[in-house]
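Have a look at the structure below, then the notes.
Protein chains: 2
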Amino acid sequence: MARQATGAAKRAAVAEIVRDDKFNARRIELAEAALETLGELGFARTSLREIAQNSAFTHGVFHYYFSDKLDLICCCVRHYKAKCVTRYDEVVATATSRDELTEGFLAKLAATLQNEARMHRLWYDLRAQAMFEAAFRKDVLEIDKSLEAMIWRIASRYAELGGKRPASSPGALYALFDGLFQSALLKHLAGDKRAVPELLDEVRRLLPTVC
Amino acid sequence: MARQATGAAKRAAVAEIVRDDKFNARRIELAEAALETLGELGFARTSLREIAQNSAFTHGVFHYYFSDKLDLICCCVRHYKAKCVTRYDEVVATATSRDELTEGFLAKLAATLQNEARMHRLWYDLRAQAMFEAAFRKDVLEIDKSLEAMIWRIASRYAELGGKRPASSPGALYALFDGLFQSALLKHLAGDKRAVPELLDEVRRLLPTVC
DNA sequence: CGGACGTCTTGACGACTGTCCAAATTCTTG
DNA sequence: CAAGAATTTGGACAGTCGTCAAGACGTCCG
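Protein chains in written order, with my numbering: chain E, 632 to 842; chain C, 632 to 842.
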């Protein structure tokens, strides 16, 4: 009888884990759908109903899976993070020379700016929101740290390939590239065709001087 | 009679100019009041009624002086600009040595971060909004240009005092300092006491290497 | 003085918001 | 297959939003 009870308990525990996984998978599905609309409209103009209408879900589902609008958006941000911070890792891993690393980095940079402008403007939007809404801060600061580490991996590898060491701190390097990217993104969204090539030129010129 | 008509016309013209000046002065008063609430709540959470309640005006007045909510906020942004871009000019004008310029710059930087955090987070908020709302772009890009020029004036003077020339482009320099400031602002607002001194250290270390 | 004009107040309008919930549906499990 | 749980639906709720307009206030000129 004890065996049976244990068996039943185990089965119940397994069932709960499966249920949790399904629950979390659904949350991510919903977050991904929400990111579409958020990237299109920005935080300020996005409502739960708008999100629902631009997706295959009804607005009630979002409240079943998220306690709150903030909860949903926090989940979106966290999910976005995982995709973002590994963007350049393959380039870093495979490049065998400074030139190769530079060209790989620049290519990805340009592609990101062109094809994922909406996701990135959302990131800048939410980072600004974090300055007002304390609930966002923890996640945003964490992502910022991850992005800084990502840039640092590139810079370190670049320096290593030249037998040098990076000339600046991780914070300063991230500030520099983040600032350049943000400015280029705004110009690109404003229809400035020169935004992308100018960013590439600038980065190409800068890389040897900072690492 | 022609004289009388001309005199009347002149008087009318003068009256109109006075009226316009009064009108514009009032607009700026209202914009200043609106900036209070915008700096407190951010763009997304600020309504015209909230602005009115936190000020000496009623919500109807804002619609009398501004065609639109966007019109009001554009006016706020433009007004904010004028205050901002001359912040360091006195330091640049009076400093007679690199050390003096450095210390003056750092002092103002720290004071700005501490005392005007709300206005600056609003700036970052609106700059992010400009990525979504085309109506903001012109003003935001213009302010960005002015800020870049402001940083460039500091860097040029700093280089000049050392008999050198700035080592980077205006765009890269602005990106660097803007990125550092933005990051420090977020940390400062999150309650990180080290944000300000770390920013100062970083800038102090960076200045001699970029100019 | 009185009427015209610029300024401001106040309340109303419809649209939209986040939230909640009861009923309907689908899925799971015994 | 049936019963119970999990999920989904779509409407109702109380607020808030931007906008507008009718009227009140004050001020200046003929």
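Backbone N, C-alpha and C define an ideal beta-carbon position, used for all residues, glycine too.
Here the structure is a predicted model, which means the values were calculated and not measured.
Would you mind reading off the limits of the alpha helix (DSSP H) that contains residue i?
{"i": "residue 795 of chain E", "result": "From DSSP, residue 795 of chain E is part of no alpha helix (DSSP H); its letter is neither H nor E."}
{"i": "residue 691 of chain E", "result": "690-696"}
{"i": "residue 731 of chain E", "result": "729-746"}
{"i": "residue 705 of chain C", "result": "700-715"}
{"i": "residue 681 of chain E", "result": "679-684"}
{"i": "residue 835 of chain E", "result": "826-841"}
{"i": "residue 724 of chain C", "result": "720-725"}
Quick one: is residue i near chain E, going by C-beta distance under 9 Å?
{"i": "residue 838 of chain C", "result": "no"}
{"i": "residue 762 of chain C", "result": "yes"}
{"i": "residue 829 of chain C", "result": "yes"}
{"i": "residue 758 of chain C", "result": "yes"}
{"i": "residue 818 of chain C", "result": "yes"}
{"i": "residue 755 of chain C", "result": "yes"}
{"i": "residue 744 of chain C", "result": "no"}
{"i": "residue 691 of chain C", "result": "no"}
{"i": "residue 701 of chain C", "result": "no"}
{"i": "residue 658 of chain C", "result": "no"}
{"i": "residue 698 of chain C", "result": "no"}
{"i": "residue 613 of chain C", "result": "Summary: the structure shown does not reach residue 613 of chain C, with chain C confined to residues 632 through 842, and so no result is reported for it."}
{"i": "residue 687 of chain C", "result": "no"}
Starting from the C-beta of residue i, find all residues in its chain whose C-beta is less than 7 Å away, skip the five residues before and the five after it, and write them out in chain order.
{"i": "residue 741 of chain C", "result": "827, 831"}
{"i": "residue 768 of chain E", "result": "761"}
{"i": "residue 759 of chain E", "result": "none"}
{"i": "residue 787 of chain C", "result": "797"}
{"i": "residue 795 of chain C", "result": "842"}
Enumerate in chain order the residues of its own chain whose CB-to-CB distance from residue i is below 6 Å, with the five nearest sequence positions on each side excluded.
{"i": "residue 681 of chain E", "result": "668"}
{"i": "residue 766 of chain C", "result": "701"}
{"i": "residue 750 of chain C", "result": "670"}
{"i": "residue 774 of chain E", "result": "712"}
{"i": "residue 707 of chain C", "result": "662, 665, 666"}
{"i": "residue 730 of chain E", "result": "none"}
{"i": "residue 793 of chain E", "result": "729"}
Using a Cβ-Cβ cut-off of 8 Å (strictly less than) and excluding sequence neighbours within five positions of residue i, which residues of its own chain qualify?
{"i": "residue 673 of chain E", "result": "752, 753, 756"}
{"i": "residue 635 of chain E", "result": "At residue 635 of chain E the pLDDT is 44, less than 50, meaning the model places this residue with poor confidence; the figure from the coordinates comes in the next sentence. Around residue 635 of chain E: no qualifying Cβ."}
{"i": "residue 657 of chain C", "result": "696"}
{"i": "residue 710 of chain C", "result": "659, 662, 663, 666"}
{"i": "residue 654 of chain E", "result": "696"}
At the 9 Å Cβ level, is residue i part of the contact set with chain C, yes or no?
{"i": "residue 825 of chain E", "result": "no"}
{"i": "residue 635 of chain E", "result": "Reliability of the predicted coordinates at residue 635 of chain E is poor, the pLDDT of 44 falling under 50, and the value obtained from them is presented with this limitation in mind. No, because no Cβ of chain C sits closer than 9 Å to the Cβ of residue 635 of chain E."}
{"i": "residue 803 of chain E", "result": "yes"}
{"i": "residue 665 of chain E", "result": "no"}
{"i": "residue 652 of chain E", "result": "no"}
{"i": "residue 835 of chain E", "result": "no"}
{"i": "residue 768 of chain E", "result": "yes"}
{"i": "residue 808 of chain E", "result": "yes"}
{"i": "residue 649 of chain E", "result": "no"}
Mind checking the segment 773-800 of chain C against chain E and listing, in chain order, the residues whose C-beta falls within less than 8 Å of any C-beta there? 775, 798, 799, 800
Quick one: which residues of the segment 667-685 of chain E get their C-beta closer than 8 Å to a C-beta of chain C? List them in chain order. 672, 673, 674, 675, 676
Taking a cut of 7 Å between CB atoms, which residues from the segment 709-741 of chain C lie near chain E? none
Those runs of the alpha helix (DSSP H) which lie wholly inside the segment 767-793 of chain C and span at least 4 residues: none
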